[in-house]
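Worksheet: the structure to be examined is printed underneath.
Residue numbers (our numbering), protein chains in the order written: chain Y, 2 to 514; chain X, 1225 to 1606.
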């Protein structure tokens, strides 16, 4: 019956002024590979339910699980049920669940198993008929990257990667997008062979966070920040992502990857790009990416990598009142592992706007507390009409965008201490976005999954951005590889001494976030 | 919590500041002031809903409870700041005696400086919200036709009294329905020749939905009475059968389309806090609602109702009332089904036509604002 491609603009019920109407995904299914994984259980499947509960999934939506388990549909449904019950954000409603449940299918098999993929192909065709998914299917690869090649080749072989009649097929992959530039290119090549680049969605759940998007609103919707958002006024920028937990049960994943590959390459460089980029022509996916790519291409490394970087491994200690073991004592970690759990780098952005302004990026595990923030630290006032003793306690002005937890914006400036004496001291002014746990502020994964199903890509990094990220990081990683064991730092502190020294050499200090 | 008996607005403001100081936070991000004008029977539920919505939109909530009666003018207040439920700032104000008629005078000094003001009447609401003394302070005025004694009558009043910034929870309740309908028409479908909305008797949302569909689709949309709860089904007629969304139990919708398997989707009746949170998300005028009210005006004047008896008597009466309105509505009804492509110029043109015809009905055209001429025309016709 599909004679031409129907565009929503022809829909008389839609009106750009009608901002109440949410976009609901069209008929489709989501096929998840690796449903037994942590991510699928804790994030993906609950997010699917939350979307259903908020009425944002299409009627007749189908969820297909693929794994090497001897399960029937009902067994898988039970797994989904349990994960939804334990981890969903919105309340559990039996009728929503019953409806979702009708679209749940399971296909058992190995990634090398032709028969299993033929079965998957049949299942998907059957869903088109029974559930009316109309040939629209998204494949979520929640599996280690080494299997990506097998799976996409299987999708190609079984005809699942192509569609007809204007229906779509999309593939979703998670970070890490490779472990260096070469492997990232290889990965991109593997997937690009089967899926066109417009159908590949790279999920970086950080980009789904409201505050990251808020950063763009803060910068480009206001007049009071942008005029001082440059080297004339900014002294330096600090981007921090700190975790208070250790590697937990992820030794297998983490050993050999480390903090820089895990966090800096994607999250922190993305935050840097959003903070440093020029104003995009529009907020369309293409224009925003263009600006981000320009900034990432302008990132330069410190000349002496020993002085401009720092890394460490957490040692045993007390973290928030709990005794904890060191990284090298964790189960599954070799006592001679050189994987870093803390990484800090000093980068510069070679543009007129940022000439001479260092960007300090740091991330680590078992640090003081869990926090992600972007702090723009301003220069001191060029002249202070106060005596030196009046302003002894005055630091530098700062604008801090808190990404998590407690999302919001903090401004730090000087204010007079009450009393007869003239004395100026730093004060903080806070803005907190509303409670992050209401029904209405979507958890990052929900938003990203919905965007995949809608085919709306602005929040997803393109492979050019990924490759630029590796271009920045590769020399640092190569340098570290020659340097042997990272420095130890006590758990529950703010990282190794070398990181503090790195800033001290520039006459600066890390913020205590 | 602090109680202030026989107090003044200034003392209440002081108490809020002091309570906030005691909480240890001197700068709370309040993005707006929400004024709730309620009576004792509606205030408790309204406060609960507003407090829930305030988690998303940190606000100062002022609950004004007028208690007219004999006795001297007196203001009693209870102030609450912070609290375990994530509430921002709440002041319950009881206005006794003659003060009950001067709510605005108490509310005005308590508004958060330079932040938007939203007023919400959870129960009875003024005829023209924008001209109410409290309504005049607000960018956005929330009423609830369904909470009034005669919802459909109230909806008519809404049509006459509409000004930019007005909104009604009867409209907000429709969002999930409208979203689902719009999503269905995002899919390829045959031309739509008409529609039917089945709704519980006396439910104003049903009338709004029918009028909206008729306006947007350009085809006649009937209203049919059902047992409820709320709206129970919407059918859009096409040559190959109906596109139907039915929700018999107020929870799950069954969606059937010609040539497609029947599907289900969550379509819950909504809670008040969800409605208020949605309202607070947008503080600019809701043009689509305004146009829909315009359409309701025409719709009530000349409904394409399925009951012929009801239709003839009603439409006769209304035809005498606003000849132009019913003429345009019936002209619309005979138009062939085609997706109404709306341009920016179109609504404006329609508005001038509306002004013209009301002016014609009134004969003595007096320069005044749009809604007043319209209500004036109604009164004159009566």
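Ideal Cβ placement from N, Cα and C applies to all residues, glycine included.
- Taking a contact to require three or more Cβ pairs closer than 8 Å, the segment 271-280 of chain Y and the segment 294-301 of chain Y qualify as touching.
- Close partners of residue 1475(X) in chain Y (Cβ separation under 9 Å): 94, 96 and 97.
- Residue 309(Y): member of the alpha helix (DSSP H) spanning 306-309, first to last residue.
- Cα atoms of residue 255(Y) and residue 484(Y): separation of roughly 19 Å, rounded to the nearest angstrom.
- In the three-state DSSP reduction, residue 34(Y) falls in the strand class (E or B).
- Chain-ordered, the chain Y residues with CB closer than 7 Å to the CB of residue 1484(X) read 133.
- Secondary structure at residue 340(Y): coil, using DSSP grouped into helix, strand and coil.
- Annotation for residue 1316(X): the continuous beta strand (DSSP E) segment containing it runs 1313-1320.
- Burial state of residue 309(Y) is buried, judged by a 10 Å Cβ sphere holding 16 or more other Cβ atoms.
- Residue 1446(X) has a beta carbon lying at 8 Å or more from every beta carbon in chain Y.
- At a Cβ-Cβ threshold of 8 Å, residue 20(Y) and residue 455(Y) do not count as neighbours.
- DSSP places residue 1244(X) in the helix class (H, G or I) of the three-state scheme.
- The C-alpha of residue 348(Y) lies about 33 Å from the C-alpha of residue 44(Y).
- For a cut-off of 8 Å, the C-beta gap from residue 1332(X) to residue 1271(X) is around 21 Å, too long to register as a contact.
- Annotated as proximal: residue 1233(X) and residue 1334(X), with beta-carbon spacing under 8 Å.
- Around residue 368(Y), the same chain offers 243, 244, 245, 343, 493, 494, 495 and 496 as residues with beta carbons nearer than 8 Å, after the five sequence neighbours per side are excluded.
- Per DSSP, reduced to three states, the secondary structure at residue 63(Y) is strand.
- For residue 1427(X), the three-state secondary structure derived from DSSP is coil.
- Contact with chain Y is absent for residue 1285(X), since none of that chain's Cβ atoms lies less than 8 Å from the residue's Cβ.
- Taken in chain order, the whole beta strand (DSSP E) runs of length 3 or more contained in the segment 1321-1395 of chain X are 1341-1344, 1364-1367 and 1390-1392.
- Nearest in C-alpha terms to residue 1277(X), of all of 1526(X), 1227(X) and 1258(X), is 1258(X).
- Excluding five sequence positions before and after residue 159(Y), the CB atoms of its chain that fall closer than 6 Å to its own CB belong to 118, 119 and 122, given in chain order.
- Residues of chain Y with a Cβ closer than 8 Å to the Cβ of residue 1256(X) do not exist, since the nearest Cβ in that chain sits about 11 Å away.
- Looking at the backbone, the Cα of residue 269(Y) and that of residue 1355(X) are separated by about 52 Å.
- Shown here is that no member of the segment 214-247 of chain Y has a Cβ falling below 7 Å from a Cβ of chain X.
- Against chain X, the CB of residue 69(Y) has no partner CB under 8 Å away; the residue lies outside that interface.
- Inter-segment contact for the segment 1279-1287 of chain X and the segment 1506-1517 of chain X is absent: fewer than three beta-carbon pairs are separated by less than 8 Å.
- For residue 1520(X), no chain Y residue has a Cβ inside 8 Å of its Cβ, as the nearest lies near 16 Å away.
- Contact with chain Y is absent for residue 1367(X), since none of that chain's Cβ atoms lies less than 8 Å from the residue's Cβ.
- Legend: CB atoms of the segment 1399-1412 of chain X lying less than 9 Å from CB atoms of chain Y belong to residues 1399, 1400, 1402, 1403, 1404, 1405, 1406, 1407, 1408, 1409, 1410, 1411 and 1412.
- Think of a sphere of 7 Å around the beta carbon of residue 23(Y): the chain X residues whose beta carbon falls inside it are 1403, in chain order.
- Chain Y has a Cβ within less than 8 Å of the Cβ of residue 1512(X).
- Interface criterion not met: the Cβ of residue 447(Y) is under 8 Å from no Cβ in chain X.
- Residue 239(Y) is a Cβ neighbour of residue 512(Y), given a cutoff of 8 Å.
- Just measuring C-alpha positions, the residue of 107(Y), 167(Y) and 113(Y) sitting nearest residue 135(Y) is 167(Y).
- Segment contact: the segment 27-43 of chain Y against the segment 420-429 of chain Y, fewer than three CB-CB distances shorter than 8 Å; contact not assigned.
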